[in-house]
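Report on one structure; see the data block that follows.
Number of protein chains: 2
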Amino acid sequence: MLTTDNIYADVDKWLSEIDYGQAPKNLYDPIRYSMSLGGKRMRPVLCLSTCALFKDDYEQAKWAAMAIEVFHNFTLLHDDVMDKACIRRGKPTVVAKYGLNTAILSGDAMLIEAYRLLQLTDSPSFSLIVDTFNKTAREVCEGQQLDMDFETRNDVTAEEYLEMIRLKTAVLLAGAIKIGALVGGAAAQETQALYDYGILIGLAFQLQDDLLDSFGDPATFGKAIGGDIMENKKTYMLISALSKADSSQRREMQNWMSNPDPVREEKVEAMRRLFEATGARAATEDKVKELYDEAMSKLREMEIPAEGKRYFIDYADKLFKRNK
Amino acid sequence: MLTTDNIYADVDKWLSEIDYGQAPKNLYDPIRYSMSLGGKRMRPVLCLSTCALFKDDYEQAKWAAMAIEVFHNFTLLHDDVMDKACIRRGKPTVVAKYGLNTAILSGDAMLIEAYRLLQLTDSPSFSLIVDTFNKTAREVCEGQQLDMDFETRNDVTAEEYLEMIRLKTAVLLAGAIKIGALVGGAAAQETQALYDYGILIGLAFQLQDDLLDSFGDPATFGKAIGGDIMENKKTYMLISALSKADSSQRREMQNWMSNPDPVREEKVEAMRRLFEATGARAATEDKVKELYDEAMSKLREMEIPAEGKRYFIDYADKLFKRNK
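So the sequences go chain by chain: A and B. Every number in my numbering is 8 more than the matching position in the first sequence, counting from 1. Every number in my numbering is 8 more than the matching position in the second sequence, counting from 1.
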């Protein structure tokens with residue numbers, strides 16, 4: 009019986025067996041460090057489990073799954089450089105530990121390594137798999153650029169925010185699932201439906217993460233609560249709050265957002281209160297539920313074995329329960 | 009008759025037809041800008057002309073040649089970020105024009121684009137071609153890391169310097185030639201001999217470039233003369249100078265190198281004089297000649313048509329005459 013735990017154990021073992029390289033140490037040590045920071049390994053697990061829906065074993069998707077995880081960690085590494093982030097999963101980021109230039113270059117080498125791993129995939133759909141990987145990788149860059157563009161804009165809409173997180177976060181989850189389906193030999197229609205499921209779950213996951221950034225438990229979240237609030241990040245929740253606020257609430261929010269040197273605890277507390285009072289927290293929770301339900305209905309419509317559907321439903325449930 | 013000018017015109021046309029993408033503008037404009045900075049397009053020209061040695065036309069190597077040129081420009085873009093360089097080919101670098109984060113991310117997207125282009129190659133040797141590309145890309149990163157490592161070391165040897173420039177510069181020229189040979193269907197022995205030629209020419213080219221950095225004509229060099237001297241860069245020439253110097257010359261060099269705020273013209277003039285006086289300039293010129301001669305003898309030994317050999321001999325001559 010297919011379980012996420014089995015697959016997770018294989019992912020961990022396979023990742024630990026990748027030979028990134030030895031010399032120069034200053035190039036390869038940061039890659040090993042970056043990969044050792046852990047995480048839920050969601051993308052390779054989804055890639056492999058999707059493959060297993062259509063084939064007896066998922067070994068054939070091994071290299072693509074590894075490529076996707078290395079690519080994902082490359083994006084985290086370079087994003088941390090761009091965001092000047094110091095902490096990732098409770099530990100120093102690569103840029104904080106090794107410096108700017110090493111972080112840039114090690115990230116470049118990781119992207120090259122991701123393509124080397126992908127190349128090892130043996131599948132009749134190889135060319136489609138690489139196309140999917142390339143398109144996804146390109147879209148992730150587009151998402152990161154939109155995220156940076158939004159920092160200096162005050163008129164970002166909820167739709168634009170959702171499009172940004174679709175590109176920055178959802179396409180890689182959906183791409184991992186799609187590549188698993190392609191290796192597994194799924195029909196075009198199922199492959200597309202699974203991709204759509206991945207996008208919806210990815211969007212829901214990111215909105216849930218945004219909720220946690222403001223309202224999560226500091227003990228389990230892995231970084232400081234209120235990061236988005238302190239950066240005035242134009243999240244779905246902030247955009248909702250600004251649009252739902254009455255004039256005094258809007259003034260209060262704008263005061264906090266334009267304060268160049270607020271006391272962290274005070275600003276975070278005030279904005280959290282405003283997210284609640286305006287109904288923006290509830291609106292974000294509703295949007296998560298709406299996306300989640302839509303993802304579930306995509307699954308139900310699909311012509312795949314009941315066991316497979318069950319697996320994806322359980323996976324999504326686990327993902328969201330764990331983070332609540 | 010195969011000429012570099014014909015091929016150069018095709019390279020230019022093909023490069024101009026690549027659709028890098030439109031939105032977000034802040035991601036794709038810097039890529040177009042980077043590619044528009046020009047240059048000699050040595051790598052794609054070498055790739056295509058090598059292919060033409062073994063086949064009637066070189067169209068089949070088009071995408072690999074494009075991939076190599078986009079990859080090369082990606083490395084220049086990220087190197088400029090790491091070196092905080094402001095000028096490249098007489099124009100502002102991407103990082104100077106667009107800022108740090110955009111330069112990092114646009115570079116990432118260029119690397120992904122290089123792989124997308126490579127993927128379009130239609131050849132029975134596809135898998136070997138991608139292996140060569142991956143290995144080369146990885147080695148270029150290793151070379152860049154060694155270059156950065158050497159900045160903080162005072163005991164770099166001439167052999168270590170040559171190994172660094174082999175990785176940072178020569179392998180990409182040699183890789184371009186090898187990929188051209190693979191697409192052309194060359195036998196393994198010829199492919200290897202052409203690769204070796206590429207390494208030797210690449211090393212000679214970089215040492216020649218180092219000579220120009222100190223002794224070139226400011227009007228044609230494209231950046232300010234003396235950059236390496238100002239950074240105390242441990243080039244073959246500086247390493248030779250330190251090893252050949254008498255005690256008073258060594259003291260003078262060390263004084264200039266440890267001066268935290270020297271007058272540029274004075275330091276450059278003094279170090280140039282010392283490179284001449286110690287015989288380091290002549291030693292570097294001798295090394296260029298030695299590598300060049302070795303490259304030529306590699307060519308002579310090869311079992312390829314005389315026209316092909318002639319082409320590579322002329323190409324190398326042109327390359328070196330142009331820069332003298």
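For every residue, glycine included, the Cβ atom is placed at its ideal position computed from N, Cα and C. All figures in this text were calculated on a predicted structure; none of them were measured in a lab.
Proximal chain A residues relative to residue i, where beta-carbon distance stays under 7 Å
i	result
E150 of chain B	P32 and L35
L154 of chain B	P32
Whole-angstrom C-beta distance between residue j and residue i, which should lie under 8 Å
i	j	result
Q32 of chain A	V102 of chain A	Here residue 32 of chain A turns out to be Pro, not Gln, going by the sequence shown. About 16 Å separates the two Cβ atoms, so there is no contact after all.
G206 of chain B	A178 of chain B	7 Å
I173 of chain B	Q214 of chain B	4 Å
L126 of chain B	F141 of chain B	6 Å
S131 of chain B	Q68 of chain B	6 Å
F82 of chain B	M118 of chain B	4 Å
Proximal residues of chain B, C-beta to C-beta of residue i below 9 Å
i	result
V138 of chain A	Y123, R124 and Q127
H86 of chain A	I112, L113 and D116
The ligand HEM heavy atom lying under 8 Å from the CB of residue i
i	result
D301 of chain B	In the structure shown, the ligand HEM is absent, as is every other ligand, since no ligand is present at all.
Alpha helix (DSSP H) segment containing residue i, residue limits
i	result
D214 of chain A	Contrary to the premise, residue 214 of chain A reads as Gln rather than Asp in this sequence. It spans A196 to F223 - the alpha helix (DSSP H) in which Q214 of chain A sits, taken as one unbroken run.
Y66 of chain A	That residue, Y66 of chain A, is in no alpha helix (DSSP H); it is neither H nor E in DSSP.
V19 of chain A	T12 to E25
R161 of chain B	That residue, R161 of chain B, is in no alpha helix (DSSP H); it is neither H nor E in DSSP.
G235 of chain B	G235 to M238
V276 of chain A	R272 to A285
D254 of chain B	Taken as a continuous stretch (DSSP letters only), D254 of chain B belongs to no alpha helix (DSSP H), as it is neither H nor E.
I39 of chain B	K33 to S44
R289 of chain B	A288 to E309
T228 of chain B	P226 to F229
T110 of chain B	L108 to Q127
K186 of chain B	V179 to G192
For residue i, three-class secondary structure by DSSP
i	result
I321 of chain B	helix
I173 of chain A	helix
K70 of chain B	helix
R97 of chain A	coil
T165 of chain B	coil
N263 of chain A	helix
Y244 of chain B	helix
L327 of chain A	helix
D139 of chain B	helix
R49 of chain B	coil
G312 of chain A	For the sequence presented, residue 312 of chain A should be read as Ile rather than Gly. In the structure shown, I312 of chain A sits in coil (DSSP, three-state: anything other than H, G, I, E or B).
K92 of chain B	coil
F134 of chain A	helix
D155 of chain A	helix
A232 of chain A	coil
D87 of chain B	helix
Contact set for residue i: own chain, Cβ-Cβ below 7 Å, skip 5 residues either direction
i	result
K63 of chain A	G192 and G193
D88 of chain A	R96, T101, V102 and V103
T243 of chain A	Y169, D218 and D236
R258 of chain B	L250
K332 of chain A	Bear in mind that the predicted position of K332 of chain A carries a pLDDT of just 45, short of 50, making it too unreliable to give a figure here.
E311 of chain B	E198
A93 of chain B	T101
T144 of chain B	V179, L180 and G183
W71 of chain B	L125, L126, L128 and T129
Where residue i meets chain B, residues with beta-carbon distance less than 7 Å
i	result
A145 of chain A	I120
N109 of chain A	M90 and M156
Same chain, Cβ closer than 6 Å to residue i, neighbours up to 5 away in sequence not counted
i	result
A265 of chain B	According to the sequence provided, residue 265 of chain B is Met. The question's Ala does not apply to it. Cβ within range, chain order: N240.
A303 of chain A	Y205, L208 and I209
A324 of chain A	I209
A73 of chain A	P52, C55 and L56
G29 of chain A	Y36
I15 of chain B	V53, L56 and S57
Neighbouring residues, chain A, relative to residue i (Cβ below 9 Å)
i	result
N142 of chain B	I120, E121, Y123, R124 and Q127
Cβ neighbours of residue i in the same chain (closer than 8 Å, five flanking residues each side left out)
i	result
E171 of chain B	L154
R40 of chain A	Y28
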